[in-house]
Amino acid sequence: MSRTSWILTAAGGAAAVTAATAWVTGRSRPDDSSLGVARPPGDLPPSRTVSLDGHGEIFFRDQPGPADQPPIVLVHGWVVSADLNWFTTYGALEEVGRVIAPDHRGHGRGARHSMPFRLADVADDIAALLRAEGTGPAIIVGYSMGGPLTQLLWQRHPDVVAGVVLCATAAHFNFSTVTALGWRFITLYQLGQRLLPRTWIERVLLTQAQDAVGPNLLRRAAPGISELSPLLPWVVGELQRGEIEDLAEAGRELSRFDSRGWITGIDVPSAVLVTTRDRLVPPSAQLQLVDLLDDPLVVEVEGDHDASAAMATEFNSALRKAIDHIASRNDTRIGGVA
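Per mature numbering (1 follows the signal peptide of the UniProt record, and there is no 0): the sequence shown = residues -19 to -1, 1 to 319.
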């Protein structure tokens, strides 16, 4: 191919991509009432928003609980909001202690900042919130990305941590060569989120949840999705609250996180909740936490990475055991295990 032909071909390709992008992003959304109305679960706890110097506005769920018990802080995972991660858990903890569940910066209704997303900054946000609320040391429950945040919270602000529960998480997130390459191509996620209309995403999720098309990749990634299909419009809306740039940077932060050199120093009671069929965070990586921590309680749930939603009864029972263990190690028992 001559140089002129190559230039013309490249220019034609660029023009086609530009035209397709303009069509996708410029067209009106179809009026598809079959997708339903985005209705959240009806029993979400009250929400509050506080503005803290140096941290911005922090949105969080604040569920009252026994005043004589340590509060429980639920730290959500990557891409999702606190509600998406914990909506099946709030009710299970209402008699256990006050529950605080913030949305992280760039996620859900969390603060938007001009600076890059850093896990350490999010840990600082949570510590500032707990100090502003005057909670005293709290039991920190971290799920997936919430695990690194929980670990960093102890490392940077040990005075606000009474104990840690690490759920479906690890001390590092480069599990294999494939995983490492996946983190490098996180920009593709940014591109897809910017270009694909919400209606398309919602329709794909709904048809996959109903097993209407195959191969059912969504069911493989989230086995419990069919049970959640009535909530899918709400789920998609919650996911799209996130700031794309922050979500992508959060993924890159996870690829860089490695606490194996210092996690052995955690000196508060701990528990590890292992999702034994997890295809995103391998159980072997989760169990490595058991070797790194000082005598943690180990509780297993025979579920995938979506266990908190898809296996709510089993997950919440395991979580109650973990919280009760930490409370008893602090000479303060929190409720009985259901």
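Note that beta-carbon positions come from the ideal geometry of N, C-alpha and C, so glycine has one too. Source: prediction; values computed, not measured.
- Would you identify the three-state DSSP class for F296, choosing helix, strand or coil? Locating residue 296 in the sequence shown gives position 315, where the first residue counts as 1. In this structure, F296 counts as helix in the three-state DSSP scheme.
- Using the C-alpha atoms, what's the distance from L278 back to R301? Working through the sequence shown from its first residue, we reach residue 301 at position 320. Working through the sequence shown from its first residue, we reach residue 278 at position 297. Near 12 Å, if we compare the C-alpha coordinates of L278 and R301.
- Query: So, helix, strand or coil for V271, using DSSP?
  - Reply: As a working note, residue 271 is residue 290 in the sequence shown. DSSP places V271 in helix when its eight states are reduced to three.
- Query: Would you call the segment 302 to 310 and the segment 244 to 251 touching, i.e. three or more CB-CB distances under 8 Å?
  - Reply: yes
- Item | Nonlocal neighbours in the same chain, by C-beta distance under 7 Å from G58, ignoring five residues either side | The residue you call residue 58 lines up with position 77 of the sequence shown. Only N66, Y124, S125, M126, G127 meet the Cβ criterion.
- Comparing alpha-carbon positions, which option in R99, M96, L55 lies nearest V80? Numbered from its first residue, the sequence shown carries residue 80 at position 99. Here the closest residue by C-alpha is L55.
- Query: Is the number of C-beta pairs between the segment 133 to 145 and the segment 96 to 105 that are closer than 8 Å three or more?
  - Reply: yes
- Sub-8 Å separation of V282 and A299 beta-carbons: Taking the sequence shown and counting its residues from 1, the one referred to as residue 282 is at position 301. Taking the sequence shown and counting its residues from 1, the one referred to as residue 299 is at position 318. Yes, the Cβ-Cβ distance between V282 and A299 is below 8 Å.
- Message: To the nearest angstrom, how far is the alpha carbon of E219 from that of G89?
- Response: The count along the sequence shown starts at 1 and reaches residue 219 at position 238. The count along the sequence shown starts at 1 and reaches residue 89 at position 108. Going from the Cα of E219 to the Cα of G89 covers about 6 Å.
- Where do the ends of the beta strand (DSSP E) carrying S95 lie? In the sequence shown, counting from the first residue as 1, residue 95 sits at position 114. Segment: none, S95 is in no beta strand (DSSP E) and carries neither H nor E.
- Item | Backbone secondary structure at R301 - three-state DSSP | Residue 301 sits at position 320 when you count from the first residue of the sequence shown. In this structure, R301 counts as helix in the three-state DSSP scheme.
- Are R260 and H286 close, meaning C-beta to C-beta below 8 Å? In the sequence shown, residue 260 corresponds to position 279, counting from 1. In the sequence shown, residue 286 corresponds to position 305, counting from 1. Going by C-beta atoms, R260 is nearer than 8 Å to H286.
- Query: To which residues of the same chain is F296 closer than 6 Å at the C-beta, ignoring the five residues directly before and after it?
  - Reply: Translated into the one-based positions of the sequence shown, residue 296 becomes position 315. Taken in chain order, the residues that qualify are V282, A288, S289.
- Roughly how many whole angstroms lie between the Cα atoms of A82 and L111? Sequence index remark: in the sequence shown, residue 82 carries index 101 (1-based). Sequence index remark: in the sequence shown, residue 111 carries index 130 (1-based). Near 11 Å, if we compare the C-alpha coordinates of L111 and A82.
- Three-state secondary structure (DSSP) at D248? Mapped onto the sequence shown, residue 248 falls at position 267. DSSP places D248 in coil when its eight states are reduced to three.
- Task: Keeping to the same chain, check which residues put their C-beta closer than 6 Å to that of T131; ignore five residues upstream and five downstream.
- Result: One-based indexing of the sequence shown puts residue 131 at position 150. Answer for T131: V56, I121, G123, V145, listed in chain order.
- Which parts of the segment 214 to 249 are runs of the alpha helix (DSSP H), unbroken and 4 residues or longer, counting only runs that do not cross its ends? 225 to 237
- Message: I'd like to know whether the C-beta atoms of P129 and L273 end up nearer to each other than 8 Å.
- Response: Taking the first residue of the sequence shown as 1, we reach residue 129 at position 148. Taking the first residue of the sequence shown as 1, we reach residue 273 at position 292. No, Cβ-Cβ distance for P129 and L273 is not below 8 Å.
- Buried or exposed: R93, going by 16 or more other Cβ atoms within 10 Å of its Cβ? Within the sequence shown, residue 93 is the residue found at index 112, counting from 1. Label assigned to R93: exposed.
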